[in-house]
Amino acid sequence: MKLLRAGQWITGLALLLLAGVYVRALAFTPVERMQGLAQKIFYLHVPAAIWAETAMILVGIASVFYLFLKDPRLDRFAAASAEVGAVFAVIILTTGPIWGKPIWGTWWSWDARLTLTLFLFLLYMGYLLLRNAVSDPGERARFSAVLGICGMVLVPFIHFSVYMFRTLHPMPIVLKPSSPSLPPAMLATWLMSLGVFTLLYVGFVMQRYGLSYLREQLELAGDGGRGRGEG
Amino acid sequence: METVPQNGGFMIAAYIITGAILLGYALSLYLRARRSLRP
Chain A
10 MKLLRAGQWI TGLALLLLAG VYVRALAFTP VERMQGLAQK IFYLHVPAAI WAETAMILVG
70 IASVFYLFLK DPRLDRFAAA SAEVGAVFAV IILTTGPIWG KPIWGTWWSW DARLTLTLFL
130 FLLYMGYLLL RNAVSDPGER ARFSAVLGIC GMVLVPFIHF SVYMFRTLHP MPIVLKPSSP
190 SLPPAMLATW LMSLGVFTLL YVGFVMQRYG LSYLREQLEL AGDGGRGRGE G
Chain B
18 METVPQNGGF MIAAYIITGA ILLGYALSLY LRARRSLRP
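As structure tokens, then:
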């Protein structure tokens, strides 16, 4: 209960801060000369991508530990992280084409980075569908842990795909071994946005974890009809 | 003289869609919590 309430407060705060990021990005961050205003999609697209991928890595780590320890908290966390990661994956897959159209001249290209990101989204969907399809809690946790580990293995391929294949997608300009290739004002806005997306991830996961816990308590009390879909 | 591309509509669309997705998900979690906590 406490976790659920804390998650709601953190999410509320993060949404307020997101409004601040919107104001800073749209009104107080310089316009990039080559790409124009469309470049400002970067401040939402990249933090969402980082958290969609990190969420899957955390699902995988929790899943590995679950298979050894059988601790239901790890399974609950993996389920929460997967649902939130799926939300961020939807953001990447909508903002990406909207950015791509004016810059590349096409909404979509079947190159490695884009296709692997679509696979990540489909893996999230498969993971969530699997959790809803299996009713036995032990089997559900075990099967989804295996799928979660497969998802984690996919993430490095997404990140390094721009080095491994010829692709329309640009190389990383922030997450790379050398220093970020961004002017300080743009970097500050991006870091603010990354901080807000981090807070959103934490708030969402705390709420989703709390909901799963609540559902389990209701099921133990013999009331399985409420809070469905939180498995 | 070099001109900056006029593509502000794409930026506005991306910001509106992202806001709608995040607010929608936050609302969905809130409603699910309220339904689960109903006595």
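First to last, the protein sequences are chains A and B. In the working numbering, each residue carries its 1-based index in the first sequence increased by 9. In the working numbering, each residue carries its 1-based index in the second sequence increased by 17. Positions of the beta carbon are idealized from the N, C-alpha and C atoms, including for glycine. Because the structure is a prediction, the values reported are computed rather than measured.
Contact list for B:Ile33 against chain A, beta-carbon separation under 8 Å: Result: empty, since nearest Cβ-Cβ is about 10 Å, beyond 8 Å.
Local conformation of A:Gly114 per DSSP, three classes: coil
Hey, does B:Pro22 have any beta-carbon neighbour from chain A nearer than 8 Å? yes
Mapping DSSP to helix, strand and coil, what is A:Gly45? The answer is strand: DSSP assigns A:Gly45 an E or B state.
What three-state label does DSSP hand A:Asp145 in the structure shown? coil
Specify, as a first and last residue, the run of the alpha helix (DSSP H) that A:Trp119 falls within. That residue, A:Trp119, is in no alpha helix (DSSP H); it is neither H nor E in DSSP.
When DSSP labels each residue in this structure, what does A:Leu184 get in the three-state scheme? Taken through DSSP and simplified to helix, strand or coil, A:Leu184 comes out as coil.
Chain-ordered chain D contacts of B:Leu40 [CB-CB under 8 Å]: Reference to chain D is not applicable here, since the protein chains of this structure are A and B.
Give a yes or no on whether the minimum CB-CB distance between A:Trp108 and chain B is below 8 Å. yes
Taking the C-alpha atoms as reference points, what is the distance between A:Pro179 and A:Met10? A:Pro179 and A:Met10 have their C-alpha atoms spaced approximately 44 Å apart.
Cα-Cα separation between A:Pro189 and A:Phe51, rounded to whole angstroms: 14 Å
Contact belief for B:Ser53 with A:Arg224 at Cβ below 8 Å, rounded distance in angstroms: Yes, they are in contact, since the Cβ atoms of B:Ser53 and A:Arg224 sit about 7 Å apart, within 8 Å.
Please state if the CB of A:Val68 and the CB of A:Gly157 are separated by a distance shorter than 8 Å. yes
Give the secondary structure of A:Ser202 by DSSP, where H, G and I count as helix, E and B as strand, and everything else as coil. helix
Along chain B, which residues have their Cβ under 7 Å away from the Cβ of A:Ile100? Thr35, Ile38
As assigned by DSSP and simplified to three states, the class of A:His178: coil
Alpha carbon of A:Leu203 to alpha carbon of A:Ser144, nearest angstrom: Spanning the two alpha carbons is a distance of roughly 37 Å.
Whole angstroms is fine: what's the gap from A:Tyr75's alpha carbon to A:Ser90's? 14 Å
Spell out a yes or no on whether the segment 164–176 of chain A and the segment 114–131 of chain A are touching, meaning 3 or more CB-CB pairs, one atom from each, closer than 8 Å. They touch, by the three-pair rule.
Quick check: the Cα distance between A:Asn141 and B:Met28, rounded to an integer number of angstroms? 36 Å
My output table needs one value for A:Leu191: the three-state DSSP class, helix, strand or coil. coil
If I measure Cβ to Cβ from A:Gln48 and keep anything under 7 Å in the same chain, skipping five residues before and after, which residues do I get? Cβ neighbours of A:Gln48 beyond the five flanking positions: Glu41.
Is there at least one Cβ from chain B nearer than 8 Å to A:Ile59's Cβ? no
Can you tell which of A:Ala88, A:Ser187, A:Asp120, A:Arg82 has the C-alpha that lies nearest to the C-alpha of A:Leu138? If we check each option's Cα against that of A:Leu138, A:Ala88 comes out closest.
Which of helix, strand or coil does DSSP assign to B:Gln23? DSSP places B:Gln23 in coil when its eight states are reduced to three.
Taking CB distances under 8 Å as the criterion, tell me whether B:Leu46 reaches chain A. yes
Could you name the residues of chain B that A:Leu223 contacts, counting a contact when the two beta carbons are closer than 7 Å? Ser53
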